[in-house]
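Protein chains in written order, with the numbering used here: chain W, 66 to 331; chain F, 84 to 347.
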């Protein structure tokens, strides 16, 4: 190959090679700085991993006395119950929010307010919402329901609003042209187009809500999380493992149910 | 119109019954859940009043508190970054195990699936509880917790990408006499690289949100400050922390969306 001939270069997202190396160098630098900030020196990590070996014996085998098993069952049912109720309340609140957050159906200011609400709901982790809900309305499953409802609205309205923005406005116009009132336009022009997605999303969110409901108890909002934290604080690690096994099992079952229902429906 | 004329119906009888049964099941589940928790109907009525009360206490946010949360905030960003890096390192082998076309045998396939499932089912805060026991409290435990939580996510999605690659290229590299390591580098990696970068950035963005709560169980970051402010009933400081978290999350989300747009 002649030296003057052009050689093939892989296409790249970077405009120039210097830019590429600058980006790579700053990413590496950032990770090094993070490592220092977090205190992740190799010695400490090694000690941690070494203690992990001996701790494994403390965590295994999972054990629970009959009373503890009963407690796991009760609190796990409470988690599932919270998730189920909060899925319904979350969806009920989400529907108007979604309609108001859809660009093609909502006036501009209303659209902005509802988008803002969705961003706020999505930005805060469920634990943060839960800790505030607990302070506002007290310990127990009601705070959990409020938390999960709030989180559900951010997720559900966002996706539902996106579906609403994608609907065929032709059929909406047709219904309107036939002389339908605005309620009738919504009912016969918009709703039939989103019903299948709606059902799928509800079940999917229920499955996510079960996961969330297993941890909000850590800050006092009801469910299995409270049992987990107590077990940790008592250094009762084998009981901890038993609780974790129960959580993984319930999450798996919920995921399976949700997958089956969604496949059937769609 | 004659009465016995066939009418169009959207669903046949069996499907209508099925749908009805699902509705009943859903209603029973919700009502049963409500009864199980023994909340009653009067308690929820107090929610609007209590929440409004809390919001009035939070206003206006305490601006002076901003200086105290800069350092914990930086720590949160660092935890998320290191956690994502650690997850990436751990997720590549897990993804190779969990992908049907690259896993050596059925046992390794199920092992991959098991790791993915357990990692995803256990919430970040629970992972943090476990690693605080191992590493002591502090941001290191938080970073490791973030890494363990993200492995399932990255392993699952990366595994799905690997399952979709063009295996012809892998065969070609192997036929040219490449070692397993070389097959990985030249046959598989180039095909999943865009997905790998995109998924990592997406997960980093999620990890920023997750790392804001690690402080509740002693694993570092801004959660520590938030927890203190809440326990001291310093609601105006709480409002400041919440606003700062909101700002950071919005910034990282747009940064993540922009970068993913570049890679795609």
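All C-beta atoms in this analysis are idealised placements derived from N, C-alpha and C, irrespective of residue type, glycine included. Since this is a predicted model, take the numbers as computed values, not measurements.
Minimum C-alpha distance to residue 172 (chain F) - residue among F:256, F:260, F:229: Numbered from 1 along the second chain, position 89 holds the residue referred to as residue 172 (chain F). The residue with the shortest Cα to Cα distance from residue 172 (chain F) is F:229.
The stretch 281 to 296 of chain W in contact with the stretch 216 to 236 of chain W per 3-pair CB rule at 8 Å: no
Exposed unless 16 or more other CB atoms sit within 10 angstroms - verdict on residue 231 (chain W): For the purposes of this step, residue 231 (chain W) is taken as residue 166 along the first chain, with counting starting at 1. It counts as exposed.
Bounding residues of the alpha helix (DSSP H) (the contiguous stretch that carries residue 282 (chain F)): Walking along the second chain from the start, residue 282 (chain F) turns up at place 199. Residue 282 (chain F) -> alpha helix (DSSP H) spans 272 to 294.
9 Å Cβ cutoff met for residue 162 (chain F) and residue 304 (chain F): In the second chain, residue 162 (chain F) corresponds to position 79, counting from 1. In the second chain, residue 304 (chain F) corresponds to position 221, counting from 1. Cβ atoms of residue 162 (chain F) and residue 304 (chain F): closer than 9 Å.
Buried versus exposed, by CB contacts within 10 Å (16 or more), residue 118 (chain F): In the second chain, the residue the question calls residue 118 (chain F) occupies position 35. It is exposed - the Cβ of residue 118 (chain F) has fewer than 16 other Cβ atoms within 10 Å.
Contact under 9 Å by Cβ, residue 279 (chain F) with residue 241 (chain F): For this step, residue 279 (chain F) is matched to residue 196 along the second chain. For this step, residue 241 (chain F) is matched to residue 158 along the second chain. A contact, by the Cβ cut-off of 9 Å.
Reference residue 283 (chain F), options F:215, F:135, F:347, F:147, closest by Cα: The residue labelled residue 283 (chain F) in the question sits at position 200 within the second chain. Of the candidates F:215, F:135, F:347, F:147, the one whose C-alpha sits nearest the C-alpha of residue 283 (chain F) is F:347.
Residues in the stretch 144 to 174 of chain F having any Cβ partner in chain W nearer than 8 Å: 157, 158, 160, 161, 162, 164, 165, 168
Minimum Cβ-Cβ distance from residue 127 (chain F) to chain W less than 9 Å: Taking the first residue of the second chain as 1, we reach residue 127 (chain F) at position 44. It does; some Cβ of chain W falls within 9 Å.
Neighbour flag for residue 96 (chain F) against chain W, beta carbons, 9 Å: Mapped onto the second chain, residue 96 (chain F) falls at position 13. Taking Cβ atoms only, chain W never reaches closer than 9 Å to residue 96 (chain F), which makes this a no.
Contacts of residue 286 (chain F) in chain W (Cβ-Cβ under 9 Å): The residue given as residue 286 (chain F) occupies position 203 in the second chain. Chain W residues near residue 286 (chain F): none, gap ~15 Å exceeds 9 Å.
Chain F contact residues for residue 159 (chain W), given Cβ-Cβ distances below 9 Å: To locate residue 159 (chain W), count along the first chain from 1; it is residue 94. Ordered by position in chain F, no residue passes the 9 Å Cβ test against residue 159 (chain W), which lies about 16 Å from the chain.
Minimum Cβ-Cβ distance from residue 226 (chain F) to chain W less than 9 Å: Here residue 226 (chain F) corresponds to residue number 143 of the second chain, with the count starting at 1. Output row for residue 226 (chain F): interface = yes.
Residue 307 (chain W) (DSSP reduced to helix, strand or coil): The residue given as residue 307 (chain W) occupies position 242 in the first chain. The answer is helix: DSSP assigns residue 307 (chain W) an H, G or I state.
Any C-beta of chain F under 9 Å from that of residue 83 (chain W): The residue labelled residue 83 (chain W) in the question sits at position 18 within the first chain. Not one chain F Cβ lies under 9 Å of residue 83 (chain W).
With 16 other Cβ atoms within 10 Å as the buried cut-off, status of residue 235 (chain W): Taking the first residue of the first chain as position 1, residue 235 (chain W) is located at position 170. With fewer than 16 other Cβ atoms within 10 Å, it is exposed.
CB contact below 9 Å: residue 66 (chain W) versus chain F: Residue numbering aside, residue 66 (chain W) sits at position 1 when the first chain is read from its first letter. At residue 66 (chain W) the pLDDT is 48, less than 50, meaning the model places this residue with poor confidence; the figure from the coordinates comes in the next sentence. Residue 66 (chain W) does not count as touching chain F.
Spatial neighbours of residue 169 (chain W) in its chain, beta-carbon cut-off 6 Å, leaving aside the 5 residues before and after: In the first chain, counting from the first residue as 1, residue 169 (chain W) sits at position 104. Excluding positions up to five away in sequence, the list reads 230.
Nearest residue (CA-CA) to residue 319 (chain F), options F:96, F:132, F:134, F:148: What you label residue 319 (chain F) is simply residue 236 of the second chain in a count that begins at 1. Measuring from the Cα of residue 319 (chain F), the nearest candidate turns out to be F:148.
Nearest to residue 279 (chain W) (by Cα), restricted to the options W:138, W:255, W:166, W:159: For this step, residue 279 (chain W) is matched to residue 214 along the first chain. When only C-alpha atoms are compared, the closest one is W:138.
Touch test, the stretch 173 to 187 of chain W against the stretch 109 to 118 of chain W, Cβ-Cβ under 8 Å, three pairs minimum: no
Beta-carbon neighbours of residue 192 (chain W), restricted to chain F and to distances below 7 Å: As a position in the first chain, residue 192 (chain W) is number 127, starting the count at 1. Result: 208, 296, 299.
Proximal residues of chain W, C-beta to C-beta of residue 292 (chain F) below 9 Å: Translated into the one-based positions of the second chain, residue 292 (chain F) becomes position 209. Here the neighbours are 187, 188, 189, 190.
Separation of residue 309 (chain W) from residue 120 (chain F), as counted between CA atoms: Residue mapping note: residue 120 (chain F) aligns to position 37 of the second chain, counting from 1. Residue mapping note: residue 309 (chain W) aligns to position 244 of the first chain, counting from 1. Whole-angstrom Cα-Cα distance: 22 Å.
Contact list for the stretch 90 to 106 of chain W against chain F, Cβ threshold 8 Å: 95, 96, 98, 99, 100, 102, 103, 104, 105
Residue 170 (chain F) versus residue 290 (chain F): straight-line alpha-carbon distance, rounded: Here residue 170 (chain F) is taken as the residue at index 87 of the second chain, counted from 1. Here residue 290 (chain F) is taken as the residue at index 207 of the second chain, counted from 1. Each residue's Cα considered, the two are about 11 Å apart.
Span of the alpha helix (DSSP H), counted from its first residue to its last, around residue 94 (chain F): Counted from its first residue, the second chain places residue 94 (chain F) at position 11. Unbroken run through residue 94 (chain F): none, as it is neither H nor E.
Any chain F beta carbon closer than 9 Å to residue 73 (chain W): Locating residue 73 (chain W) in the first chain gives position 8, where the first residue counts as 1. Residue 73 (chain W) does not count as touching chain F.
Which of helix, strand or coil DSSP assigns to residue 347 (chain F): Numbered from 1 along the second chain, position 264 holds the residue referred to as residue 347 (chain F). DSSP places residue 347 (chain F) in coil when its eight states are reduced to three.
Whole-angstrom C-beta distance between residue 274 (chain F) and residue 248 (chain F), which should lie under 8 Å: Counting from one through the second chain, the residue named residue 248 (chain F) turns up at place 165. Counting from one through the second chain, the residue named residue 274 (chain F) turns up at place 191. Their Cβ separation, rounded to whole angstroms, is 4 Å, which keeps residue 248 (chain F) and residue 274 (chain F) in contact under 8 Å.
Straight-line gap, residue 324 (chain W) to residue 153 (chain F) (C-alpha atoms, nearest Å): Taking the first chain and counting its residues from 1, the one referred to as residue 324 (chain W) is at position 259. Taking the second chain and counting its residues from 1, the one referred to as residue 153 (chain F) is at position 70. Each residue's Cα considered, the two are about 43 Å apart.
Contacts of residue 194 (chain F) in chain W (Cβ-Cβ under 9 Å): Your numbering for residue 194 (chain F) matches position 111 in the second chain. Chain W residues near residue 194 (chain F): none, gap ~15 Å exceeds 9 Å.
Amino acids of chain B, ordered along the chain, whose beta-carbon sits closer than 9 Å to that of residue 237 (chain F): The chain inventory of the structure shown lacks chain B, comprising the protein chains W and F.
Min CB distance residue 205 (chain F) to chain W below 9 Å: As a working mapping, residue 205 (chain F) is identified with position 122 in the second chain. Residue 205 (chain F) counts as touching chain W.
Cα-Cα separation, residue 141 (chain W) to residue 286 (chain F): Locating residue 141 (chain W) in the first chain gives position 76, counting from the first residue. Locating residue 286 (chain F) in the second chain gives position 203, counting from the first residue. Answer to the nearest angstrom: the Cα atoms are 29 Å apart.
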